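Quick note on numbering: the sequence shown equals residues 94 to 455 in the working numbering.
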Amino acid sequence: MQTITHSALDGKSVRPLIFSNVEDYEDLHRIGIGGLDKIIDAGFGMDSIQGNVTQASIPVQLQFLQQFLPGFVKVMTAARKIDEFIGINTAGSWEDEEVVQGIIENTGSAVPYGDLTNVPLSSWNENWVTRTVVRFELGMRVGNLEEKRAARIMVNSAESKRESAGLALEQQRNAVGFYGYNGGNNFTYGFLNDPGLPAYVTVAATGTGSSTLWSTKTFLEICADIRTAIVGLRTQSQDTIDPETTALTLGLPTDCVDYLSVTSDFGISVRDWLTQTYKKTRIVSAPQLNSANGGANVFYLYADAVNDLSTDDGRTFAQLVPAKFQVLGVQQLPKGYEEDYSNATAGVLCKRPYAVYRATGI
Numbered sequence: 094m095q096t097i098t099h100s101a102l103d104g105k106s107v108r109p110l111i112f113s114n115v116e117d118y119e120d121l122h123r124i125g126i127g128g129l130d131k132i133i134d135a136g137f138g139m140d141s142i143q144g145n146v147t148q149a150s151i152p153v154q155l156q157f158l159q160q161f162l163p164g165f166v167k168v169m170t171a172a173r174k175i176d177e178f179i180g181i182n183t184a185g186s187w188e189d190e191e192v193v194q195g196i197i198e199n200t201g202s203a204v205p206y207g208d209l210t211n212v213p214l215s216s217w218n219e220n221w222v223t224r225t226v227v228r229f230e231l232g233m234r235v236g237n238l239e240e241k242r243a244a245r246i247m248v249n250s251a252e253s254k255r256e257s258a259g260l261a262l263e264q265q266r267n268a269v270g271f272y273g274y275n276g277g278n279n280f281t282y283g284f285l286n287d288p289g290l291p292a293y294v295t296v297a298a299t300g301t302g303s304s305t306l307w308s309t310k311t312f313l314e315i316c317a318d319i320r321t322a323i324v325g326l327r328t329q330s331q332d333t334i335d336p337e338t339t340a341l342t343l344g345l346p347t348d349c350v351d352y353l354s355v356t357s358d359f360g361i362s363v364r365d366w367l368t369q370t371y372k373k374t375r376i377v378s379a380p381q382l383n384s385a386n387g388g389a390n391v392f393y394l395y396a397d398a399v400n401d402l403s404t405d406d407g408r409t410f411a412q413l414v415p416a417k418f419q420v421l422g423v424q425q426l427p428k429g430y431e432e433d434y435s436n437a438t439a440g441v442l443c444k445r446p447y448a449v450y451r452a453t454g455i
């Protein structure tokens, strides 16, 4: 008996089986595929699908689907305000040990004239106030591999490190400007603790619940606190300072400066009243005045300069900075290079304590 051959293909004619039409699946027995009806009837399962050889993944890697925004956001640091408060006086050199201010007192007392009396003599007396120079340094080192890899993310490593060094030195100078520097036996003081400064005066407790805080006070009560300071400045200078003609600075803590926007029943703010009544008064603020006196906020009112018989610049405060920024050296290394920077400051000197009024409790 001869077996019926339904189909015959040579090797070069064989192609992968493509199920383009499954309606006549029974005809598959002609090419050797049969028994499908029995599988369907019995619910038989065929062999499991062959697993992947490689690890499961997505068609496109994530890094090819990212869009980077231009530039970098720098981490914020507190504002450095000492220069805005009192300016900067570049005096001396980086290697100096002290900055010295001379003080002269004119002495003598006029007496009634007499032909036979001795001639009364005038004289003068000098003192010297010293401030110690403190030097700070900060450097940077850049490696060859570091610099090349940083360039891949559009960052200049050397430039960024120089910027960091300059910023840190400026922050240190600002801190010394406000607080001074205690090195043991040195005399380096700041805007808040110079030994010549007058004592703090507590503002009136006229706020809600007998509070001294400006946050509890009205327009009239805040104006009264500022007016008290202006009166005190004129009085303690014995009218040498005229608040209406002398340039004044009102230094306020960051926490309180916006209370100058408190308005009266007529829509006039404290700032409006101050700038209209005492036109030469400027307003500045700094976070260092927050909680500056035993946890209490303080404000300063002082004359920028006083026109008297002195031969100096007449300023009330002097921030003494022999060197703001100085390159100490650059060294080439086998695998990169190193740089070192420095500054020098003698802190702040209050040259005219009578021209400063300090209030606390706001």
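We treat Cβ as the ideally placed atom computed from N, Cα and C, and that holds for glycine.
Treat the numbers as computed from the prediction; the structure is a model and nothing was measured.
For T170 and N436, I'd like the C-alpha separation in whole angstroms. 20 Å
DSSP state of N220, grouped into three classes? strand
Tell me the DSSP bridge mates of N436? F229
Just list the residues that DSSP pairs V391 with in beta bridges. T453
Do the CB positions of G448 and S330 come within less than 8 Å of each other? Just to set this straight, residue 448 is Ala in the shown sequence, not Gly. The answer is yes: Cβ separation under 8 Å.
Secondary structure at L442, three-state DSSP: helix, strand or coil? strand
Under 7 Å Cβ to Cβ from Q159, same chain only, skipping five residues before and after it: list those, please. none
Quick one: measure Cβ to Cβ for D405 and L421, integer angstroms, because I've assumed they're closer than 8 Å. Not really, about 32 Å apart at Cβ, beyond 8 Å.
Please classify W426: does DSSP put it in a helix, a strand, or coil? Trp is not the amino acid found at residue 426; the sequence shown has Leu there. Note: L426 maps to strand in three-state DSSP.
Within the same chain, show all residues whose beta-carbon is closer than 6 Å to that of Y274, passing over the 5 residues directly before and after it, in chain order. V227, T281
Below 8 Å on the Cβ atoms is my guess for A317 versus A297; work out the distance and round it to an integer in Å. 7 Å
For P380, which three-state DSSP category applies? helix
Use the C-beta contact count for K310: other C-beta atoms within 10 angstroms, 16 or more gives buried, fewer gives exposed. buried
Please confirm whether A251 and E240 have their CB atoms less than 8 Å apart. yes
I need the boundaries of the beta strand (DSSP E) containing L343, first residue and last residue. 341 to 346
Express the C-alpha separation of F271 and L367 in angstroms, rounding to a whole number. 26 Å
Given R327, which residues of its chain have a CB within under 8 Å of its CB, disregarding the five upstream and five downstream residues? I334, D335, P336
Helix or strand or just coil, what does DSSP make of G104? helix
Looking at the unbroken alpha helix (DSSP H) that takes in F284, where does it start and where does it end? Per DSSP, F284 belongs to no alpha helix (DSSP H) and is neither H nor E.
If I measure Cβ to Cβ from I179 and keep anything under 6 Å in the same chain, skipping five residues before and after, which residues do I get? F410, Q412
Figure out for me which residue from N220, L209, G207 has the closest Cα to the Cα of N199. N220
Under three-state DSSP, which class holds G195? strand
If you follow the beta strand (DSSP E) that Q412 is part of, which residue opens it and which one closes it? 410 to 412
So what does DSSP say about S354, is it helix, strand or coil? helix
Judging by CA-CA distance, which residue of L285, G325, D397, R320 is the nearest neighbour of N390? L285
Could you check the C-alpha separation between G354 and R364 for me, to the nearest Å? Checking the sequence shown, residue 354 turns out to be Ser, not Gly. Straight-line Cα distance between these residues: approximately 6 Å.
If we count the other Cβ atoms within 10 Å of its Cβ and call it buried at 16 or more, is V235 buried or exposed? buried
Mind checking whether G283 and G440 have CB atoms under 8 Å apart? yes
CB N182 to CB V414, shorter than 8 Å? yes
Sorted by chain position, which residues of the same chain lie with C-beta nearer than 6 Å to E177's C-beta, five sequence neighbours on each side aside? V377
As assigned by DSSP and simplified to three states, the class of N386: strand
Confirm the yes/no value for this check: CB of E190, any heavy atom of the ligand HEM, distance under 7 Å. Because no ligand of any kind appears in the structure shown, any question about the ligand HEM cannot be addressed here.
Classify G185 as buried or exposed, calling it buried when 16 or more other Cβ atoms lie within 10 Å of its own Cβ. buried
Quick one: grab the DSSP three-state call for K167. coil
When you compare the CB positions of A452 and A322, do they come within less than 8 Å of one another, or not? yes
Out of curiosity, what's the CA-to-CA distance linking Q143 and Q156? 30 Å
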